[in-house]
Ligand code: ADP
Ligand code: MG
């Protein structure tokens, strides 16, 4: 058994928050994160001691000049390198970025060209490690990737030419009796080098951007899953065997999409704001957390985990309460104006921490 690892990362104040003279209400110390309720009066301020949460990691990226500043390299060192170790040991791994729109999910997962995030760093390091091991061990390595997007419960392949998301019907999710859920006809690409991988990432990101043109709030509504399928074969050992690992790197839709209470007017009427995959993710995590706290198995307690209620949770079934070593990176804004959303993200992160997974080495 292994519990889901949870990291929280707070970004710097953005220009808008600075213009609004927003106050920083998030403080991190060691592995704890505290949030203070913005107050109008002095009395409130004295009363409010704030709420403190503890996680596996609290990454403070508010102040570039601070000695404790959590850079992209630091996130990779603490979270990404563990993913790679997991994969070389033959386990599945998954990292989710969860948080409100603009809180730093894509920055953390993908980053910018000069300031790479987890996905490109994991890929770079994977090929470095492969070339190191190639020198010393009689191993063979085989790497494939796929990259998909879920928008409105429809799956689109980001590595294949296709009609824009709004037009196409999307790919179907199926479930294999032993291998579990998968996307039918999703393209898989064999990758042999770092530069190979880089071109695929660029291609996928570009097709995401093209699809978003002309669509309101596209990036806040869609989820992306970048998957590395990694196989190691022992070439000349006495017992030839193979180790397989699947790494899912997930950039979720904005967490505000799980909740209608913050939106008003037309958008609420259209009902377009609620994101089924995100709502179901919340339900799955709450159900799994309740289970873990009660210390019983779902079967025994006859608790139903609604994986199949959404495309996202169905595809990531293994990563949630199953055969995977999973990390949630909750990204937050430091500003008082985002108090409610941030508190809700911190609570989500706390619930996720209770989930127990059962990773096993995939070997034959
Ligand atoms: P999300 O994907 O959660 O909607 P983004 O990752 O796109 O949010 O971040 C919004 C903006 O804030 C981007 O311009 C991004 O570069 C910037 N940003 C986010 N997190 C950080 C951080 N930790 N350090 C510096 N800039 C950040
Ligand atoms: Mg984003």
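Numbering (UniProt numbering), first residue to last: 1 to 364.
Even glycine gets a Cβ: it sits at the ideal position worked out from N, Cα and C.
- Taking C-beta atoms under 8 Å as the contact rule, residue 86 and residue 93 qualify, at a distance of about 4 Å.
- The alpha helix (DSSP H) runs of length 4 or more contained entirely in the segment 157-231 are, from start to end of the chain, 194-212, 218-221.
- In this structure, DSSP gives residue 153 a state outside helix and strand, which the three-state scheme calls coil.
- The alpha-carbon of residue 28 is positioned some 22 Å away from that of residue 118.
- Ordered along the chain, residues surrounding the ligand ADP are 11, 61, 101, 102, 103, 104, 105, 106, 107 [Cβ under 5 Å from any heavy atom].
- Residue 197 is classed as buried because its beta carbon has at least 16 other beta carbons within 10 Å across all chains shown.
- Taking residue 180 as the centre and dropping the five residues before and after it, the same chain places the C-beta of 317, 318 closer than 7 Å to its C-beta, in chain order.
- Contact between the segment 274-286 and the segment 329-346 is absent, with fewer than three C-beta pairs closer than 8 Å.
- Check the Cα spacing between residue 258 and each of 195, 280, 321, 225: the tightest is with 280.
- Not a single heavy atom of the ligand MG lies less than 6 Å from the C-beta of residue 333.
- Judged by DSSP secondary structure, residue 352 falls outside any beta strand (DSSP E) and instead within the alpha helix (DSSP H) spanning 339-353.
- Distances between the C-beta of residue 219 and the heavy atoms of the ligand MG include at least one below 6 Å.
- Secondary structure at residue 323: coil, using DSSP grouped into helix, strand and coil.
- Collapsing the DSSP output to three states places residue 7 in a strand.
- Counting every other CB atom within 10 Å of its CB across the protein chains shown gives residue 357 a total of 16 or more, marking it as buried.
- For residue 124, the enclosing alpha helix (DSSP H) starts and ends at 118-136.
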